[in-house]
Amino acid sequence: MINEELAEIFGEMADIEEIEGNRWESLAYRKVSANITALGEDIREIYKRNELRKIDGVGSAIEKKIQQYIQDGKIDTYEKLKQKYPVDFRNLRKIQGLGPKKIGALFVNLGVTDIESLKRAIDAHKVAGLPGFGEKTEANLLKGIQVYSRSGASRILLGRAYGDIESLRSYLESTGLFDSLIIAGSARRMRESIGDLDILASSTRRKEAADAFINSEFVSGVVVSGESKITVNLKLGITCDLRFIDADSIGAALQYFTGSKDHNVHLRDLAIFRGLKLNEYGLFRGETRVAGSDEKGIYESLGLAYIQPELRENTGEIEAAMNGSLPGIVDYGDIKSDLHMHTNDSDGRNSLVEMLDHAKKSGLEYIAMTNHSVGLKIAHGLDAERFSELNARIDEESARIGIPALKGVELEILRDGSLDLSPNTIDQMDYVLAALHQYVSSNREENTGRIVKAIESGRINALAHPTGRLIGNREMYSIDLDAVVEKCIENKVFIEINGFPERSDLPADIVRRVHDSGVMFALGSDAHSISDLRFIRFAAAIARRGWLTREKIVNALNLNDFRKLLTK
DNA sequence: GCCGTTTTCGGCCCGACTGTTTTCAGTCG
Numbered sequence: 017m018i019n020e021e022l023a024e025i026f027g028e029m030a031d032i033e034e035i036e037g038n039r040w041e042s043l044a045y046r047k048v049s050a051n052i053t054a055l056g057e058d059i060r061e062i063y064k065r066n067e068l069r070k071i072d073g074v075g076s077a078i079e080k081k082i083q084q085y086i087q088d089g090k091i092d093t094y095e096k097l098k099q100k101y102p103v104d105f106r107n108l109r110k111i112q113g114l115g116p117k118k119i120g121a122l123f124v125n126l127g128v129t130d131i132e133s134l135k136r137a138i139d140a141h142k143v144a145g146l147p148g149f150g151e152k153t154e155a156n157l158l159k160g161i162q163v164y165s166r167s168g169a170s171r172i173l174l175g176r177a178y179g180d181i182e183s184l185r186s187y188l189e190s191t192g193l194f195d196s197l198i199i200a201g202s203a204r205r206m207r208e209s210i211g212d213l214d215i216l217a218s219s220t221r222r223k224e225a226a227d228a229f230i231n232s233e234f235v236s237g238v239v240v241s242g243e244s245k246i247t248v249n250l251k252l253g254i255t256c257d258l259r260f261i262d263a264d265s266i267g268a269a270l271q272y273f274t275g276s277k278d279h280n281v282h283l284r285d286l287a288i289f290r291g292l293k294l295n296e297y298g299l300f301r302g303e304t305r306v307a308g309s310d311e312k313g314i315y316e317s318l319g320l321a322y323i324q325p326e327l328r329e330n331t332g333e334i335e336a337a338m339n340g341s342l343p344g345i346v347d348y349g350d351i352k353s354d355l356h357m358h359t360n361d362s363d364g365r366n367s368l369v370e371m372l373d374h375a376k377k378s379g380l381e382y383i384a385m386t387n388h389s390v391g392l393k394i395a396h397g398l399d400a401e402r403f404s405e406l407n408a409r410i411d412e413e414s415a416r417i418g419i420p421a422l423k424g425v426e427l428e429i430l431r432d433g434s435l436d437l438s439p440n441t442i443d444q445m446d447y448v449l450a451a452l453h454q455y456v457s458s459n460r461e462e463n464t465g466r467i468v469k470a471i472e473s474g475r476i477n478a479l480a481h482p483t484g485r486l487i488g489n490r491e492m493y494s495i496d497l498d499a500v501v502e503k504c505i506e507n508k509v510f511i512e513i514n515g516f517p518e519r520s521d522l523p524a525d526i527v528r529r530v531h532d533s534g535v536m537f538a539l540g541s542d543a544h545s546i547s548d549l550r551f552i553r554f555a556a557a558i559a560r561r562g563w564l565t566r567e568k569i570v571n572a573l574n575l576n577d578f579r580k581l582l583t584k
């Protein structure tokens with residue numbers, strides 16, 4: 017993805033300029049790097065519209081660099097800087113305690129260019145003794161390398177970590193040493209992946225509370241340990257900050273440590289503009305605290321509507337909160353149904369009865385049972401006969417257990433764009449998902465054509481996991497999503513938000529981009545087991561991060577109203 | 001290098017923690 021390449025390049029340019037002592041150039045590159053990462057659209061599209069300068073932080077010099085990269089695949093300034101510092105910043109920066117200045121010093125003095133050569137320098141005991149480096153720094157860098165090689169990828173999927181996070185929280189609560197515990201940071205913003213965990217705590221017995229945390233079975237090592245802040249490595253593979261907060265600044269701390277960083281920078285700018293000062297202890301006018309005990313008060317005092325954590329990415333939410341155009345996004349409690357799940361009749365692990373039972377216990381009002389169809393052999397897809405048997409059981413068991421269940425299917429879109437069950441069989445279903453799983457081409461027109469043909473078949477209700485991405489495994493299909501969304505609107509086909517962590521599909525930035533197009537969204541967990549049913553919450557989180565109101569989500573309807581939308 | 005309801009020049013978020021220092025630089029979030 018070209019956005020990531022460019023973000024990486026500007027990040028490295030920021031590092032090198034910082035080594036060279038050019039603070040402000042560094043800051044500018046750093047900012048642009050972050051903003052390109054957050055784009056949510058291929059930067060080449062922005063380039064084609066000649067709107068690069070509209071990206072925050074892009075002025076004439078950086079615009080030229082981006083243009084050159086798109087046209088020639090390289091940036092002269094960057095090549096020149098790299099000649100002077102042929103250093104693997106990307107990976108070295110991942111070592112705890114290594115920033116640009118230290119990397120620069122290691123390269124200039126010892127010729128360190130990557131983690132391997134850093135390891136050799138440490139083994140030869142050459143690092144301690146450099147200006148600014150001592151014995152402890154050398155030991156910490158060695159520890160940092162070990163942590164890095166153990167954990168590899170530094171971000172983990174929130175949907176996968178959620179259970180462990182909850183366990184950690186309940187363990188801490190069970191010690192009785194904490195008066196309150198709040199998860200902040202990207203986990204509170206419900207990002208699909210998190211790079212660390214932020215916990216805010218209040219306690220009258222901080223020392224004991226800190227010891228209980230550090231010595232718990234969740235922790236693999238301590239990084240820093242101060243009076244008010246402790247950083248540890250979790251066995252989960254990420255770091256965790258625990259901060260002790262005074263009760264009267266808890267709102268300010270929560271606001272501050274929920275982030276995102278860019279949101280906070282923007283908010284602080286706004287505070288300064290209004291003659292105020294915002295930090296993690298409160299909102300101040302001179303010495304007087306204007307707000308700080310609760311989070312809402314901070315936004316109010318800045319003249320803003322309250323901004324839900326999921327929206328705090330500095331992508332226009334502050335402007336919207338200022339002029340009253342912030343949408344009232346869907347609540348988790350608004351979601352009445354789960355419209356995508358499997359049983360052991362196809363590739364699920366639990367039986368129909370177990371799934372229905374658990375769905376009911378988890379508070380859903382109704383569900384759609386959507387097993388794979390015969391075209392997906394690897395998932396034991398069902399043919400007409402097996403579906404007819406299953407559908408009879410669905411009616412019977414859903415009545416017995418007391419949760420309405422729609423008879424559904426996740427159909428295969430075949431190579432030629434046709435569907436893999438007969439019209440007759442499809443018509444016996446209450447709810448029809450269609451998806452692309454196989455024969456995915458590198459040809460954008462071909463993929464788009466197949467999907468459009470399925471949408472126009474008049475037999476499907478929703479398009480499942482539209483981009484086909486599998487995080488950490490497979491990029492999105494090459495498809496023309498805007499054309500697909502347009503066809504969905506024309507044909508009254510819903511577009512899915514799949515909450516299965518590796519899918520998270522549509523992604524939130526795309527949801528945001530099409531949230532006002534008129535298309536309706538259908539949320540599903542894609543559960544293959546009873547424990548997967550919790551993923552409907554992450555589908556809802558994507559909807560929230562995509563700025564969706566409840567009116568745009570079919571799962572917010574009760575069963576009767578939902579059925580009225582099912583025209584086919 | 002970017003940016004402007006205070007500016008076309010002079011600012012650019014800010015506090016905790018650590019380690020190396022003897023008053024501070026670098027890193028992190």
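Going by the working numbering, the letters in the first sequence line up with residues 17 to 584, in that order.
Built from N, CA and C at the ideal position, the CB exists for glycine as well.
(message) Taking the straight line between their C-alpha atoms, what separation do you get for H141 and Y101?
(response) Whole-angstrom Cα-Cα distance: 23 Å.
(request) Starting from the N-terminal side, write out each stretch of the beta strand (DSSP E) that is 3 residues or longer and does not extend beyond the region 200-272. (result) As far as the region 200-272 is concerned, its whole beta strand (DSSP E) runs of at least 3 residues are 212-218, 235-241, 245-250, 255-260.
(request) Would you check if the distance between the CB atom of N407 and the CB atom of M445 is smaller than 9 Å? (result) The Cβ-Cβ distance between N407 and M445 falls below 9 Å.
(message) Only counting the same chain, and skipping five residues up and downstream in sequence, which positions put a Cβ closer than 8 Å to that of D310?
(response) Within the same chain, D310 has close Cβ partners I266, G267.
(message) Buried or exposed for L252, going by 16 or more other Cβ atoms inside 10 Å?
(response) Buried, by the Cβ-count rule.
(request) Below 8 Å CB to CB, which residues in the same chain sit around L479 once its five sequence neighbours on both sides are set aside? (result) Counting only residues of its own chain and dropping the five nearest sequence neighbours on each side, L479 has a CB closer than 8 Å to the CB of L449, A450, A451, I467, A470, I471, V500, C504, V509, F510, I511, E512.
(request) Could you check the C-alpha separation between S389 and E189 for me, to the nearest Å? (result) Roughly 46 Å separates the two Cα atoms.
(request) Express the C-alpha separation of F123 and Q99 in angstroms, rounding to a whole number. (result) Cα to Cα, the separation comes out at about 13 Å.
(request) Can you give me the start and stop residues for the alpha helix (DSSP H) that K300 sits inside? (result) Sequence check: residue 300 is Phe here, not Lys. Segment 298-301 is the beta strand (DSSP E) holding F300; no alpha helix (DSSP H) there.
(request) With a 10 Å radius around its C-beta and 16 neighbouring C-beta atoms as the bar for buried, classify P439 as buried or exposed. (result) Burial is judged here by how many other beta carbons sit within 10 angstroms of a residue's own beta carbon; P439 has fewer than 16 and is exposed.
(message) Extract the residue ranges of the beta strand (DSSP E) inside the region 414-462, only unbroken runs of 3 or more that lie entirely within it.
(response) Listed in chain order, the complete beta strand (DSSP E) runs (minimum 3 residues) inside the region 414-462 are 421-428, 447-451.
(request) Would you kindly check if the distance between the Cβ of F554 and the Cβ of S353 is under 9 Å? (result) Pairing S353 with F554 gives a Cβ-Cβ distance that is not under 9 Å.
(request) Mind listing, in chain order, the continuous alpha helix (DSSP H) runs of no fewer than 4 residues lying wholly within the region 50-106? (result) Complete alpha helix (DSSP H) runs here, min 4: 59-64, 76-88, 92-100.
(message) Can you look up K585 in the DSSP assignment and give me helix, strand or coil?
(response) Residue 585 lies beyond the residue range present for the chain, which begins at 17 and ends at 584; the question has no answer from this structure.
(request) From the DSSP output, in three-state form, read off D31 for me. (result) Under the three-state reduction of DSSP, D31 is assigned to helix.
(request) Tell me the start and end of each unbroken beta strand (DSSP E) in the region 133-206 that is at least 3 residues and wholly inside, in chain order. (result) Fully enclosed beta strand (DSSP E) runs of 3 or longer: 196-200.
(request) Locate the alpha helix (DSSP H) running through L372, then write down its first and last residues. (result) From DSSP, the alpha helix (DSSP H) with L372 extends over 368-377.
(message) DSSP three-state label for Y322, please.
(response) The answer is coil: DSSP assigns Y322 none of H, G, I, E or B.
(message) Considering only DSSP beta bridges, list what H388 is partnered with.
(response) Paired residues: E426.
(message) Which residue wins for smallest C-alpha separation from I172, given the options S165, R207, L380, L22?
(response) The shortest C-alpha separation from I172 is found at R207.
(message) My output table needs one value for A395: the three-state DSSP class, helix, strand or coil.
(response) Residue state for A395 is assigned as helix, using DSSP reduced to three classes.
(message) Out of L539, H282, T304, G73, which one is the CA nearest neighbour of R566?
(response) For R566, the nearest C-alpha among the options comes from L539.
(message) Once DSSP output is grouped into helix, strand and coil, what is the label at Y382?
(response) DSSP places Y382 in strand when its eight states are reduced to three.
(request) Kindly list the residues whose CB is nearer than 7 Å to the CB of A336, restricted to its own chain and excluding five residues on each side of it in sequence; keep chain order. (result) L342, listed in sequence order.
(request) Specify the secondary structure class of A555 as computed by DSSP and reduced to three states. (result) In this structure, DSSP gives A555 a helical state, which the three-state scheme calls helix.
(request) Let me know if F289 comes out buried or exposed under the rule of 16 or more other beta-carbons within 10 Å of its beta-carbon. (result) The residue in question, F289, is exposed, as its Cβ has fewer than 16 Cβ neighbours within 10 Å.
(message) Can you tell me whether N66 is buried or exposed? The criterion is at least 16 other CB atoms within 10 Å of its CB, across all chains shown.
(response) Exposed is the call here.
(message) For I91, which residues in the same chain have their Cβ closer than 7 Å to its Cβ, ignoring the five residues on either side in sequence?
(response) These residues qualify, in order along the chain: I25, K81, Q84, Y85.
(request) Report buried or exposed for P147, applying the criterion of at least 16 other Cβ atoms within 10 angstroms of its Cβ. (result) Label assigned to P147: exposed.
(message) So, at 6 Å on beta carbons, what are the nonlocal neighbours of F212 in its own chain, with the 5 sequence-adjacent residues on each side left out?
(response) Note that residue 212 is Asp in the sequence shown here, rather than Phe. Result list for D212: I254, T255, in chain order.
(message) Ignoring anything shorter than 3 residues, give me the beta strand (DSSP E) runs that lie fully in the region 501-531, in order along the chain.
(response) Counting only runs of 3 or more, we get 510-514.
(message) At the level of alpha carbons, what is the spacing between D432 and L564?
(response) If you take the alpha carbons of D432 and L564, they lie about 33 Å apart.
(message) Let's see if you can read the secondary structure: which residues bound the beta strand (DSSP E) around V306?
(response) It spans 304-307 - the beta strand (DSSP E) in which V306 sits, taken as one unbroken run.
(request) Drop a sphere of 10 angstroms on the beta-carbon of N514, count the other beta-carbons inside from all chains shown, and report buried for 16 or more, exposed for fewer. (result) It counts as buried.
(request) Classify R365 as helix, strand or coil using the three-state DSSP reduction. (result) If DSSP states are grouped into helix, strand and coil, R365 belongs with coil.
(message) I want to know whether the region 212-225 touches the region 194-203 - three or more CB-CB distances under 8 Å.
(response) With the cut-off at 8 Å, the region 212-225 and the region 194-203 touch.
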